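Below is one structure, written out as structure tokens; comments come after it.
In my numbering, the protein residues as written are 215 to 506.
Written out as structure tokens, the structure is:
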């Protein structure tokens, strides 16, 4: 189902996400990566939500209807004091309580580029995932800086299970947004997130908790629910594409359940939602980002 209107701030981004990921059989809308991106491994028991639901920053505050202010909010101050000098390629940035690794892919022309966060799956690496989604190609095709962080290697990959477990990774998102913007003057109307599996669950968390900073989200086998991060109403309405591999899309969760849980709730809250069941189980189809 495609709703007719979105927040005034990010309506222009609907065209971007819809143009990026084009329609295919099984989709209610549009979809799509350059190479196969599979979850790096680590099957296991369901990763049930743990810890208390403690808010992580101002975007988590309870609010009324989606904000329709004309400008994106100013990013939070860098938690480490003065932002480090970043560059294309492999970087380290101090965030929360230690150094974090991140690969950065720059477009050829750094003319007010957008920013795309890409979060890898459980057991995967930033190098593999960046190659799998064709991050270097996307940077030039979309005029975006593509940021591919490395997880800290926790049992769930990223901190999507609760607000307590999210503290380190939500701070990393905030710090990277702040420091990339400070260095390259990004277009804050074009901040996007994508991910696969555990990385998609983390992108789903960001849709809920950092919606005021996001223009769009493309989520491959993610979502919300009692065994993931349970749905809460985002402060801002943004267009979201949810893709998954059907009833047999299982790893440590049923992604059929989590995807549909998130889609149903986002639609109830007035978001533009495109759903795509590619029926290929737990993977991003090999030609995914070329489905346009």
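Backbone N, C-alpha and C fix where the C-beta goes; we use that ideal spot for every residue, glycine too. Fair warning: this is a prediction, and the values are worked out from it, not measured in the lab.
Per DSSP, which residues does residue 487 bridge with? Please list them.
454
Report all residues from its chain with a CB closer than 8 Å to the CB of residue 315; omit the five preceding and five following residues, and keep chain order.
304, 305, 306, 340, 363 and 364
Three-state secondary structure (DSSP) of residue 333
strand
Alpha carbon of residue 422 to alpha carbon of residue 320, nearest angstrom
27 Å
Evaluate the contact criterion for the stretch 395 to 407 versus the stretch 415 to 433: three or more CB pairs, one atom per stretch, below 8 Å.
yes
Around the C-beta of residue 301, are 16 or more other C-beta atoms found within 10 angstroms, so that it is buried, or is it exposed?
exposed
Confirm, please, whether the CB-CB distance from residue 411 to residue 376 is below 8 Å.
no
Reduced DSSP secondary structure (H/G/I, E/B, other) of residue 314:
strand
For residue 324 and residue 448, what's the separation of their Cα atoms in angstroms?
31 Å
Would you report the Cα separation of residue 459 and residue 433, rounded to the nearest angstrom?
12 Å
Status (buried if at least 16 other CB within 10 Å, exposed otherwise) for residue 440
exposed
Is the stretch 449 to 457 touching the stretch 490 to 501, taking contact as three or more C-beta pairs under 8 Å?
yes
Look at the Cβ atom of residue 492, then the Cβ atom of residue 445, and state whether they are nearer than 8 Å.
no
For residue 179, the first and last residue of its enclosing beta strand (DSSP E):
The structure shown does not extend to residue 179, since the chain spans only 215 to 506, so no value can be given for it.
For residue 437, does the count of other Cβ atoms within 10 angstroms reach 16, so buried, or fall short, so exposed?
buried
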